[in-house]
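Colleague:
Numbering (the numbering used here), first residue to last: 34 to 422.
1. Drop a sphere of 10 angstroms on the beta-carbon of residue 321, count the other beta-carbons inside from all chains shown, and report buried for 16 or more, exposed for fewer.
2. Indicate whether residue 336 and residue 311 have their beta-carbon atoms separated by less than 8 Å.
3. If you pair each beta-carbon of the stretch 122-137 with each one of the stretch 66-79, do three or more pairs fall below 8 Å?
4. Would you mind reading off the limits of the beta strand (DSSP E) that contains residue 88?
5. For the 8 Å Cβ check, are there 3 or more pairs between the stretch 191-201 and the stretch 350-370?
6. Just the C-alpha distance for residue 237 and residue 228, rounded to the nearest angstrom, thanks.
7. If we call anything under 8 Å between Cβ atoms a contact, is residue 339 one with residue 359?
8. If we count Cβ pairs, one from each stretch, closer than 8 Å, do we get three or more for the stretch 287-301 versus the stretch 215-222?
9. CA-CA distance, residue 327 and residue 357?
10. Say whether the stretch 394-405 touches the stretch 158-174, bearing in mind that this needs 3 or more beta-carbon pairs closer than 8 Å, one atom from each stretch.
11. Can you tell me whether DSSP reads residue 262 as helix, strand or coil?
12. Who are the Cβ neighbours of residue 51 in its own chain at under 6 Å, not counting the five residues just before and after it?
13. Let me confirm a value: residue 177 is counted as buried when at least 16 other C-beta atoms fall within 10 Å, else exposed. Which label applies?
14. If you draw a straight line from the alpha carbon of residue 143 to that of residue 353, how long is it in whole angstroms?
15. Of the residues 324, 184, 201, which one's Cα is nearest the Cα of residue 211?
16. Distance, Cα to Cα, residue 59 vs residue 145?
17. Just confirm the distance between the C-beta atoms of residue 91 and residue 65, as a whole number of angstroms; I'd bet it's less than 8 Å.
18. Does the beta-carbon distance from residue 56 to residue 411 come in below 8 Å?
19. DSSP three-state call for residue 241: helix, strand or coil?
20. May I ask you to report which of helix, strand or coil DSSP gives residue 330?
21. Under the assumption that residue 304 contacts residue 230 (Cβ atoms under 8 Å), give the Cβ distance between them as a whole number of angstroms.
22. Using only alpha-carbon positions, find the residue among 419, 333, 375, 197 that is nearest to residue 387.
23. Closest to residue 390 by CA distance: which of 41, 119, 86, 42 is it?
24. In chain order, what residues of the same chain lie with their CB nearer than 6 Å to the CB of residue 141, ignoring the 5 residues before and after it?
25. Could you say which of 138, 147, 181 lies nearest to residue 163 if we only look at CA atoms?
26. From this set, 242, 392, 347, which residue's C-alpha is nearest residue 380's C-alpha?
27. Starting from residue 220 and walking both ways along the beta strand (DSSP E), at which residues does that stretch end?
28. Taking the alpha-carbon positions, what's the residue 244 to residue 382 distance?
29. Hey, could you find the ends of the beta strand (DSSP E) residue 145 is sitting in?
30. Distance check for residue 148 and residue 302, CA to CA, integer angstroms please.
31. What are the start and end residues of the beta strand (DSSP E) that includes residue 165?
32. Less than 8 Å separating the beta-carbons of residue 420 and residue 150?
33. Output the distance between the C-alpha atoms of residue 43 and residue 159, rounded to the nearest integer angstrom.
34. Any idea what DSSP makes of residue 62, helix, strand or coil?
35. Report the rounded CA-to-CA distance for residue 406 versus residue 316, giving the unit in angstroms.
36. Suppose only complete runs of 3+ residues qualify. What are the beta strand (DSSP E) ranges in the stretch 326-399, listed by chain order?
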């Protein structure tokens, strides 16, 4: 029986690549590895092409839609599944081409080693019979830790002190900052990541409150009860079926707010943990930023399109605006198209979408995604998280 074919569009980095390939091959899948973002291409070829040709290779820019489609359907064979981790756009034209009649192996499954699936045109996938799977919760602890690092860096002014010290300046604090126990953290989207951050912030003495588009949280979930139905990551995942994930750090449940304006007006730090959907695009704009407390900080480790970046940049440039600083890890335009009006602003801490990139999180996502793809291709969808429009 012919093996199902999988195109590894964007492989796990470094030593994790070997673990991911072994997992896919262990499921009996035929793997084509895209070498474009592999650091040691020669080593990968020697290790995985020289052992009786265990892996096929290709090399293309996955963000070039024409190249992606050409490699997916190369020689009229096609691939039963594609897997990525960096949010490579998979739009209607690609989905139509990868499932067109006449292919020996039309696309059936898209696997994302991560939680977000806004890079896939879900309605088009449904029309073409393509199942979307992902790994909700795999990076919850990593993103929560990163958001906490953003919070600490900005509330204590670490970057400005570091830059001054590197210039040989001994700069004392002109206005001593508040301690964390004096601050209120507002979490927009108390899903797996939001709750993980809430537990960590509460342990450091912060008061935590949350806004959710779901029914208000009334009690803290214990570790065994962090069920995906009430704690998805981000909050909520579009029509995702449940799948068990390791419990993140539990803690006191964040105090629910009646509305987003309430949370913005009563939080010293606001952290976003939502998926990018038509309902959340532009959720934080000029009007919302104007509601924030004087001296407030905004953290975004969710998706760039949730925040109006121009409105955010204008607010940070205005010394009279209540918003004092922002930390942004996700942008409207990323990778080769990376551009933002936030460039150059000293009170904007910018990072290149790396919040979830810890060794543990990336290994968990890669291996779990491999398992999901294999199960779906084998016709065993029970317990596998899938996302629909």
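Each residue gets a CB set at the ideal place from its N, CA and C atoms; glycine is no exception.
Remember, it's a predicted structure, so these values are computed and weren't measured experimentally.
Modeller: Based on what the coordinates show:
1. Flag for residue 321 reads buried.
2. No. Outside cutoff.
3. No, because fewer than three Cβ pairs between the stretch 122-137 and the stretch 66-79 fall closer than 8 Å, the two stretches do not touch.
4. Element bounds for residue 88: 88-91.
5. No: the two stretches stay apart, fewer than three of their Cβ pairs being nearer than 8 Å.
6. CA-to-CA, the gap between residue 237 and residue 228 works out to about 14 Å.
7. In this structure, residue 359 does not lie closer than 8 Å to residue 339 by Cβ.
8. Contact between the stretch 287-301 and the stretch 215-222 is present, because at least three Cβ pairs lie under 8 Å.
9. The alpha-carbon atoms of residue 327 and residue 357 are separated by roughly 7 Å.
10. Because the criterion of three Cβ pairs below 8 Å is met, the stretch 394-405 and the stretch 158-174 touch.
11. The predicted model places residue 262 with a pLDDT of 27, which falls under 50 and marks its position as unreliable; any figure quoted below should be read in that light. Coil, per DSSP.
12. Excluding positions up to five away in sequence, the list is empty.
13. Buried, since its Cβ has 16 or more Cβ neighbours within 10 Å.
14. Roughly 47 Å between the two C-alpha positions.
15. The candidate whose alpha carbon is nearest that of residue 211 is 184.
16. Within the model, the alpha-carbon separation for residue 59 versus residue 145 is close to 19 Å.
17. About 6 Å separates the beta carbons of residue 91 and residue 65, which is inside the 8 Å limit, making them a contact pair.
18. No, these two residues do not count as a Cβ contact at 8 Å.
19. Annotated three-state conformation of residue 241 is strand, per DSSP.
20. Of the three classes helix, strand and coil, the one that applies to residue 330 here is strand, per DSSP.
21. Contact between residue 304 and residue 230 holds: their C-beta atoms lie close to 6 Å from each other, under 8 Å.
22. Distances from the alpha-carbon of residue 387 to those of 419, 333, 375, 197 put 333 closest.
23. Checked all of 41, 119, 86, 42; the closest Cα to residue 390 is 119.
24. Excluding sequence neighbours, residue 141 sits near 113.
25. It is 138 whose Cα lies nearest to the Cα of residue 163.
26. For residue 380, the closest of 242, 392, 347 by C-alpha to C-alpha distance is 347.
27. Per DSSP, the unbroken beta strand (DSSP E) holding residue 220 starts and ends at 217-221.
28. Whole-angstrom Cα-Cα distance: 24 Å.
29. It spans 142-145 - the beta strand (DSSP E) in which residue 145 sits, taken as one unbroken run.
30. One C-alpha to the other measures close to 24 Å.
31. Residue range 164-166 is occupied by the beta strand (DSSP E) that includes residue 165.
32. Yes, the pair counts as a contact, with Cβ atoms nearer than the cut-off.
33. Straight-line Cα distance between these residues: approximately 23 Å.
34. Residue 62 sits in coil when the DSSP states are folded into three classes, being neither helix nor strand.
35. Distance between the alpha carbons of residue 406 and residue 316: 33 Å.
36. Complete beta strand (DSSP E) runs here, min 3: 329-333, 356-361, 381-383.
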